[in-house]
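Visitor:
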Amino acid sequence: ASMVGLLLATIDCLGGDEKVQEQYDRMTAHDLFIRFGLSKRLVDDFIRPTLLVGLFKPPEELSALVVMELLYYYALAHQDSFDVRWIKNGTVSDSLVAPMAAKLQEKYDLKVMGGCRVGKISLEASGNKLSASSVEFTSMSGKQDVIKDVDGIILALGCKGMEAVVKSSPDLARLPTFSNAASLKGIDVISCRIWLDRVVPTRTPANVFSRFDQLRGAGGTFFMLDQLQENNEDLWGGEQPQGSVLACDFYNAGALLSLQDEDVVRVLMDDLLPAAVPAFADAKVVDSWVGKYPGAVSWFSPGSFGKRPPLEGAGKILPNVKCAGDWVRMGEREHGAKGLCQERAFVSGFEAANALLRDTADGPNKKYEVLQCREDEAQFKAGIQLNKKVMEI
8 ASMVGLLLAT
18 IDCLGGDEKV
28 QEQYDRMTAH
38 DLFIRFGLSK
48 RLVDDFIRPT
58 LLVGLFKPPE
68 ELSALVVMEL
78 LYYYALAHQD
88 SFDVRWIKNG
98 TVSDSLVAPM
108 AAKLQEKYDL
118 KVMGGCRVGK
128 ISLEASGNKL
138 SASSVEFTSM
148 SGKQDVIKDV
158 DGIILALGCK
168 GMEAVVKSSP
178 DLARLPTFSN
188 AASLKGIDVI
198 SCRIWLDRVV
208 PTRTPANVFS
218 RFDQLRGAGG
228 TFFMLDQLQE
238 NNEDLWGGEQ
248 PQGSVLACDF
258 YNAGALLSLQ
268 DEDVVRVLMD
278 DLLPAAVPAF
288 ADAKVVDSWV
298 GKYPGAVSWF
308 SPGSFGKRPP
318 LEGAGKILPN
328 VKCAGDWVRM
338 GEREHGAKGL
348 CQERAFVSGF
358 EAANALLRDT
368 ADGPNKKYEV
378 LQCREDEAQF
388 KAGIQLNKKV
398 MEI
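Convert by adding 7 to the 1-based position in the sequence shown; the result is the number in my numbering.
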């Protein structure tokens, strides 16, 4: 019964205008749950673990607006079409991004400079408008170079990347749009890969750690790659497969970052994994890898909505710089994909490209059609209409 209050709040928030949504954004999700009477058990057993692996923070550190967007997108809307997908072979980098980069270069004669780090972006004035004129960057070899006579830029950056670029670019820093975005902080993440000496059967290939003291406030997941992908030599770096291969991630992992890599693996193998599936206690680690990424993921903190970068960047004053990513405000081109998700980042990239072509290209240009999510279910739309009538009264 206590879930009904949250459903009403979601309808009120997502069915309201931007002013209503900003009011919810200034509220923490924790305050929202108290205000609408959610039970402690519901929050502790379901909502808190969901948020720790969905938005990577506990409810007291999250905007109520984005939490309701997440619960709507993943739980309320389109309930018959949600599933977990994992790439069949290799990684996203070598199976998707690398072939796409090769096609862009071979078919369209573009130059993809992977691994380069952007430094200073310079602007020049033209009448009452500004224009990005050059980009300084550092190659993987450490060589510094510059691209001049820039036509346009899309800042497909997270909060940490935005902070670094704006800090190095005095011209951008003078514009509140970019200095505000650069002030937002990110979430610490740890990613692990573990190869075992034996196959460990699990009930499901995708799993969530919840309410373990060893998490130290973090959220955690583990995926059985030998079940999601073929357990072949590719998964073992060209060697003969021996056992299960796991991908384990920690979110909101600040309290775990100071651990040595071997201690992170030990927490998994000695405490967390055997508690979830006892058979892990009999397995031995053949090899492991740990990656630590402080402040790397978007943090939708209370009151952050107004500081998040708009897709249009600084707008008409700087027409040849746009923004893309899951944290951008998409304005009139808002999409049904909400919160911290790859789908939102993906479609925002297309919309940013459309906007850049519209404002910079000479003559007609072909706009890429972005597919929207299908319409809300009838009961959700009816709830929004009923709520609007009640608010009018």
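Every residue gets a Cβ at the ideal spot worked out from N, C-alpha and C, and that includes glycine.
When the distance is taken between beta carbons, is residue 349 closer than 8 Å to residue 279?
Guide: no
Visitor: Could you check where the alpha helix (DSSP H) with residue 112 kicks off and where it finishes?
Guide: Bounds of the alpha helix (DSSP H) holding residue 112 are 105–115.
Visitor: Do residue 345 and residue 76 have their C-beta atoms within less than 8 Å of each other?
Guide: Result yes, Cβ atoms of residue 345 and residue 76 sit closer than 8 Å.
Visitor: On the CB-based measure, 16 or more other CB atoms within 10 Å of its CB, does residue 316 come out buried or exposed?
Guide: buried
Visitor: For residue 367 versus residue 159, is the C-beta spacing smaller than 8 Å?
Guide: Yes.
Visitor: Measure the alpha-carbon distance for residue 150 versus residue 144 and round it to whole angstroms.
Guide: Roughly 8 Å between the two C-alpha positions.
Visitor: Restricting to Cα atoms, I'd like to know which of 65, 377, 156 is closest to residue 352.
Guide: 377
Visitor: DSSP has residue 329 in a bridge; who is on the other side?
Guide: 161
Visitor: Measuring only the C-alpha atoms, how far is residue 289 from residue 235?
Guide: 22 Å
Visitor: Indicate whether the contact test is met: 3 or more Cβ pairs, each with one atom in the stretch 292–312 and one in the stretch 187–207, closer than 8 Å.
Guide: yes
Visitor: From residue 260 to residue 60, what distance separates their C-alpha atoms?
Guide: 11 Å
Visitor: In its own chain, which residues sit with a C-beta less than 6 Å from the C-beta of residue 63, not counting the 5 before and 5 after it?
Guide: 194, 258, 259, 304
Visitor: Pair every Cβ in the stretch 43–62 with every Cβ in the stretch 96–105, then say whether three or more of these pairs are closer than 8 Å.
Guide: no
Visitor: Short of 8 Å in beta carbon distance, which residues of its chain neighbour residue 325, apart from the five on each side in sequence? Order them along the chain.
Guide: 130, 136, 137, 138, 139, 182
Visitor: Sort 283, 66, 296 by Cα distance to residue 216 and report the nearest one.
Guide: 283
Visitor: Apart from the five residues on each side of it in sequence, which residues of its chain come closer than 6 Å, Cβ to Cβ, to residue 268?
Guide: 297
Visitor: Less than 8 Å between C-beta atoms, sequence neighbours within five positions excluded: which residues of the same chain meet that for residue 406?
Guide: Nothing can be reported for residue 406: it is not among the residues displayed for the chain, which extend from 8 to 400.
Visitor: Kindly identify the DSSP beta-bridge partner or partners of residue 214.
Guide: 229
Visitor: Look up residue 192 in the DSSP assignment and give the residues it is bridged to.
Guide: Partner(s): none; residue 192 has no beta bridge.
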